[in-house]
Structures are given as structure tokens and as C-alpha cells.
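Asks: Numbering (my numbering), first residue to last: 3 to 180.
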Amino acid sequence: MHRISPIPLTVQAFADFGDVVEASPEKMFSINKGTTKRFHDLASIDVEREGGRPMVNIFRGTPYPFPLTIRMMENHPLGSQFFMPLDPFDYLVAVAEAKSTVMPEDVLVFSCSHKQGVNFKPGVWHHPLLVLAEQQDFLVIDRAGEGVNLVEQDLASPIMVDLDENNPQGRLEPRPRQ
Numbered sequence: 003m004h005r006i007s008p009i010p011l012t013v014q015a016f017a018d019f020g021d022v023v024e025a026s027p028e029k030m031f032s033i034n035k036g037t038t039k040r041f042h043d044l045a046s047i048d049v050e051r052e053g054g055r056p057m058v059n060i061f062r063g064t065p066y067p068f069p070l071t072i073r074m075m076e077n078h079p080l081g082s083q084f085f086m087p088l089d090p091f092d093y094l095v096a097v098a099e100a101k102s103t104v105m106p107e108d109v110l111v112f113s114c115s116h117k118q119g120v121n122f123k124p125g126v127w128h129h130p131l132l133v134l135a136e137q138q139d140f141l142v143i144d145r146a147g148e149g150v151n152l153v154e155q156d157l158a159s160p161i162m163v164d165l166d167e168n169n170p171q172g173r174l175e176p177r178p179r180q
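Take a look at the structure:
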């Protein structure tokens, strides 16, 4: 069994897999006579292959059993997939580069703040929602339309995700939104 520790989600570390979506000062300008701060053009939504269109959803995730073990990955070859947490809880994202198959040694796990979203590029391997709270909602923008846009693959061997050893349940503590 492979073991992996999460690394912090940053724009640079995640660049090969897609976009990190956050209220970054570099992307901000004022609108509406100064009453609103707009954080502009934060993700490259790509859903038009084979006549696709954007679809807005809310996904409600629940945690996997602990210890957290990754046994499969999925990808969406025809479109990007955007996730923004709606609840004040941190979460994890497991990813691997877009290629025909994924091996356990290809997988990275990111620790994400509740103030960060992610947008996976088309074809990027990722694990379904990895929430750490009892329940967590995400705003999701992905592709609707004809064509096969879901590929799932079981891993050759499972990956155990090493979480905070000071927390015996292996869960990050939910923290309130600031």
C-alpha cells in the first residue's frame, strides 16, 4: 500500500491540474461605484467539446471511512469540472496528470481551505469529493451534453492518506468561516 501526505493547495503546485479559485488581491477590482469587489476570471471553464454546455449543480459530500484510503480515480475527458465549497470546512483533493491511465505513484493529495475552490482541466484524474466534515456542499460547474465524459479507474494498489497524527480520528477540525 502506498502512503501519501497532503500538501497545501497553491496556484503554483496545482497548475498542471487546473485552477485554484480564491479571492486573490491580484484578480480584484471594484465595480458598482465601489460597493462591490470583483475577483475576476478565476477559472477556465471548458465544456464545449462535442456540443457540451455548462451545468451548475450543488454536490453534497459525506466523508469516506477512516483511515482515508484512495482506491480509484476518475476523469472527465470532455470538460473541466469546477468545485467551490459552500460550507466553512476544509477538504482534500487527490489528483494525477491527464494521461490514459493513472498509477498510485502519480497521485498527489492537496489540503484545501474552505476559501479555495478548484477547477480540474479536462482529462485530469481526480478522486470524488474528499470531505472531512459530516456533510459538505459544493457549487459545481461541469459539462452537460452527449458523449462519454466520465472515466473511472481502480488503482493497482490503494493509497493511504496520512492526516494529522495529533488527531486520532484522522479528521481536520471543521473551522468557522472568517
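Idealized CB from N, CA, C, for every residue including glycine.
State the beta-bridge partners of Y93 as determined by DSSP.
Replies: Sequence index remark: in the sequence shown, residue 93 carries index 91 (1-based). In DSSP, Y93 forms a bridge with C114, V133.
Asks: Report the CB separation of L70 from L165 in whole angstroms; it is logged as a contact under 8 Å.
Replies: If you number the sequence shown from 1, residue 70 lands on position 68. If you number the sequence shown from 1, residue 165 lands on position 163. Rounded, the Cβ-Cβ distance is 7 Å, consistent with contact.
Asks: What are the start and end residues of the beta strand (DSSP E) that includes V13?
Replies: Taking the first residue of the sequence shown as 1, we reach residue 13 at position 11. Judged by DSSP secondary structure, V13 falls outside any beta strand (DSSP E) and instead within the alpha helix (DSSP H) spanning 13-16.
Asks: Can you list, in chain order, the residues of its chain with a C-beta nearer than 7 Å to that of D185? Leave out the 5 residues immediately preceding and following it.
Replies: Summary: the structure shown does not reach residue 185, with the chain confined to residues 3 through 180, and so no result is reported for it.
Asks: Do F1 and G53 have their C-beta atoms within less than 7 Å of each other?
Replies: In the structure displayed, the chain extends from 3 to 180; residue 1 sits before or after that span and is not available.
Asks: Starting from L141, follow the beta strand (DSSP E) in both directions and report where the run begins and ends.
Replies: Here residue 141 is taken as the residue at index 139 of the sequence shown, counted from 1. 138-146 is the extent of the beta strand (DSSP E) around L141.
Asks: How would you call H129, buried or exposed, if buried means at least 16 neighbouring beta carbons within 10 angstroms?
Replies: Along the sequence shown, read from residue 1 onward, the residue named residue 129 stands at position 127. Classification of H129: buried, given that the 10 Å Cβ count is 16 or more.
Asks: Leaving out five residues on either side along the sequence, give the residues of the same chain with a beta carbon under 7 Å from the beta carbon of P8.
Replies: In the sequence shown, the residue the question calls residue 8 occupies position 6. Cβ within range, chain order: L94, V111, F112, S113, V163.
Asks: Using three-state DSSP, classify D108 as helix, strand or coil.
Replies: In the sequence shown, residue 108 corresponds to position 106, counting from 1. In this structure, DSSP gives D108 a helical state, which the three-state scheme calls helix.
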